[in-house]
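Trainee: One structure, pasted below without further comment.
Residue numbers (our numbering), protein chains in the order written: chain R, -2 to 296; chain D, 2 to 299.
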């Protein structure tokens, strides 16, 4: 009775127009597909513009050696270790402070006008230009705290920058934990902290990890705040502690692209490839951790 | 009860249903269960929970008005009534679960072993260990079956042999035989009915005196429901059970005492009638109770 095109058997008062409704659906599908495709094409072009000049200059000595004025001898060992120190410091600090803030706001603070204002402003912080964080870090950490132009100052500045991301994503993860799970914990006589520690946080952990991954990815690519805090452009040794001076990969790349010799441009491209590899490795570790925990906790 | 005069008489408003059966035998289907079932007179037992003048507000909304009720020890009390009549709210007052709702305000007294549970200096965490709760939808922890039972005991400082406790609770919850070979597996791998019995075992692990069940079988199939009901009958010797149910046959089958809640004209939940289950289902004292249990409204 009902044909595939919907032309037959119309009931009085209805105008089903199934064919045109289906066409509308198809049009939207293609709109969404082409926006995805555009992004992918641009990404491929970007990757190609890096790989084409850079891939021939990839070598172990680039990873192992220190920077040099001679392109053939120049490496980025100090920059790689500097980035790891900076991202590590900022990751630990923003994890502790960001998660702590998220737990307080979500579980303990009463929901009123002030916490609403606070929440909006934390989200807004994620949109503040990164150089502003750099200047703040210069004043607070480098000058007031006398941390100097060190890993500590750079890491803390980067933690300021990434904390809003951690707070917002952790809050969402904590809020997504079903009420029934909390009730189950309270129902057997758990205190608030026992319910949070044993049930809410493990259930929210995968979401929290996603926030940390995003934050670390942002931190490893940031240049401007570290320029302000004083990541040096030539460091010929690796950081040995929180108060060492440092150099990071994006700064090294920036430095090389500014040099007159054409060879340094190829080196910069090769360095970008290495930066992306380091980023991928770090993210894979975090994702593996997340998967491990989400497999452990399913409701 | 004091709101008698203000409550609209639903039985008269909704008279559209065919009333073939005369009033002397309107409950025949339910009454048959009653004849065979074990229904000792609940009033023979000592009162364990004495609720007086309980009022609950959610913000400006007066959800429960002037509820007074005595729950006898080692018996099953069923709360029945239409949706939104406050029966779950009253249940959640008994173990202070309403403390978790920021807008809730509870007035009145709930006396338990001579102590007012509602009093400011009573710690709700301590209350919930003595008055356990099972929820509408099975909500086992995303942990192993063993841990589901052990966790509540452990956080409450249980010092005895944990393996024995877990076995004892699972046995009492009529689940041991089904899970004894897979205690390490996730509680969520069980079927809905098994999960709910796991939740009962979890509640038993803190060795409570009272078990509150909020529509424990509403998400379960009939066979699982029957198992839960049999289980409640077995537990009744050692525990005082209060169960909220939408299913009147269930109330008739399992409970010793039935409490009927309804809404008054201001949409406030009120207690209409409480009494031995047999009496409520065969000879209710209030026309609203009769209207509800015969299916004429609600």
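Glycine residues also receive a C-beta, built at the ideal position from the N, C-alpha and C atoms. Here the structure is a predicted model, which means the values were calculated and not measured.
What do you reckon, are the CB atoms on residue 245 of chain D and residue 291 of chain D nearer than 8 Å?
Mentor: Their beta carbons are not under 8 Å apart, which means residue 245 of chain D does not touch residue 291 of chain D by this criterion.
Trainee: In chain order, what residues of the same chain have a beta carbon less than 8 Å from the beta carbon of residue 193 of chain R, not counting five sequence neighbours either side?
Mentor: Closer than 8 Å at the Cβ level, and outside the excluded window around residue 193 of chain R, lie 100 and 104.
Trainee: Using 8 Å as the threshold, is the C-beta distance between residue 49 of chain D and residue 252 of chain D below it?
Mentor: For residue 49 of chain D and residue 252 of chain D, no; Cβs fall outside 8 Å.
Trainee: Assuming contact is defined by CB atoms lying nearer than 8 Å, are residue 124 of chain R and residue 167 of chain R in contact in what I supplied?
Mentor: Not a contact, by the Cβ cut-off of 8 Å.
Trainee: How would you label residue 277 of chain R, buried or exposed, when you count the other beta carbons within 10 angstroms and need 16 or more for buried?
Mentor: With fewer than 16 Cβ atoms within 10 Å of its Cβ, residue 277 of chain R is classed as exposed.
Trainee: Report the CB separation of residue 178 of chain R from residue 196 of chain R in whole angstroms; it is logged as a contact under 8 Å.
Mentor: With 8 Å as the limit, residue 178 of chain R and residue 196 of chain R qualify as a contact, their Cβ atoms being about 5 Å apart.
Trainee: Using a Cβ-Cβ cutoff of less than 7 Å, which residues in the same chain neighbour residue 96 of chain D once the five nearest sequence positions on both sides are dropped?
Mentor: These residues qualify, in order along the chain: 128, 129, 132, 134 and 213.
Trainee: Using a Cβ-Cβ cut-off of less than 8 Å, give me the residues of the stretch 156 to 170 of chain D that come near chain R, in sequence order.
Mentor: Listed by position along the chain: 156 and 157.
Trainee: Skipping 5 residues on each side, what residues in its chain have a beta carbon closer than 6 Å to that of residue 261 of chain R?
Mentor: Correct list, in chain order: 68 and 253.
Trainee: Closer than 8 Å by beta-carbon distance: list the chain R residues that pair up with residue 202 of chain D, in chain order.
Mentor: By Cβ distance, chain R contributes nothing, its closest Cβ being about 11 Å from residue 202 of chain D, past 8 Å.
Trainee: What is the DSSP secondary structure of residue 267 of chain D, reduced to helix, strand or coil?
Mentor: The answer is coil: DSSP assigns residue 267 of chain D none of H, G, I, E or B.
Trainee: Using only the alpha-carbon positions, how far apart do residue 161 of chain D and residue 202 of chain D sit?
Mentor: Rounded to whole angstroms, residue 161 of chain D to residue 202 of chain D spans 17 Å at the Cα level.
Trainee: If we ignore side chains and look at the alpha-carbon of each, how far apart do residue 24 of chain D and residue 296 of chain D end up?
Mentor: Here the model assigns residue 24 of chain D a pLDDT of 40, short of 50, so the residue's position is not dependable, and the following value carries that caveat. Roughly 13 Å separates the two Cα atoms.
Trainee: Tell me which residues share the same chain as residue 300 of chain D and place their Cβ nearer than 6 Å to its Cβ, disregarding the 5 neighbours each side in the sequence.
Mentor: No answer is possible for residue 300 of chain D: the residues shown for chain D start at 2 and end at 299.
Trainee: Could you tell me whether the Cβ atoms of residue 255 of chain D and residue 233 of chain D are closer together than 8 Å?
Mentor: It is a contact, given that the beta carbons lie within the stated cut-off.
Trainee: Are any of the Cβ atoms in chain D nearer than 8 Å to that of residue 181 of chain R?
Mentor: Yes, contact with chain D.
Trainee: Under DSSP, the alpha helix (DSSP H) around residue 74 of chain R begins and ends at which residues?
Mentor: Start and end: 74 to 100.
Trainee: Measure the Cβ-Cβ separation of residue 195 of chain D and residue 179 of chain D and say whether it is below 8 Å.
Mentor: Their beta carbons are under 8 Å apart, which means residue 195 of chain D touches residue 179 of chain D by this criterion.
Trainee: Examine the Cβ distances between the stretch 103 to 117 of chain R and the stretch 231 to 243 of chain R and report whether three or more of them are shorter than 8 Å.
Mentor: Cβ pair count under 8 Å is below three, so no.
Trainee: Since I believe residue 164 of chain R is in contact with residue 217 of chain R (beta carbons under 8 Å), could you give me their beta-carbon distance rounded to a whole number of angstroms?
Mentor: Not quite, the Cβ-Cβ distance comes to about 20 Å (not below 8 Å), so this is no contact.
Trainee: Under the three-state reduction of DSSP, which class applies to residue 212 of chain D: helix, strand or coil?
Mentor: Looking at residue 212 of chain D - three-state DSSP - the assignment turns out to be strand.
Trainee: Considering only the beta carbon of each residue, do residue 218 of chain D and residue 207 of chain D sit closer than 8 Å?
Mentor: No, the Cβ-Cβ distance between residue 218 of chain D and residue 207 of chain D is not below 8 Å.
Trainee: From residue 30 of chain D to residue 93 of chain D, what distance separates their C-alpha atoms?
Mentor: Bear in mind that the predicted position of residue 30 of chain D carries a pLDDT of just 44, short of 50, making it unreliable; the figure below should be weighed with that in mind. Spanning the two alpha carbons is a distance of roughly 31 Å.
Trainee: Given this structure, state the Cα-to-Cα distance separating residue 170 of chain R from residue 183 of chain R, to the nearest angstrom.
Mentor: Distance between the alpha carbons of residue 170 of chain R and residue 183 of chain R: 20 Å.
Trainee: Just verifying my parser: in three-state terms, what is the DSSP assignment at residue 69 of chain D?
Mentor: Three-state DSSP puts residue 69 of chain D in a strand.
Trainee: At the 8 Å Cβ level, is residue 325 of chain D part of the contact set with chain R, yes or no?
Mentor: Residue 325 of chain D is absent from the model: chain D starts at 2 and stops at 299.
Trainee: Let me make sure I understand the geometry here. Which of D/153, D/172, D/186 and D/192 has the alpha-carbon closest to that of residue 187 of chain R?
Mentor: Taking only the C-alpha atoms, the option nearest residue 187 of chain R is D/153.
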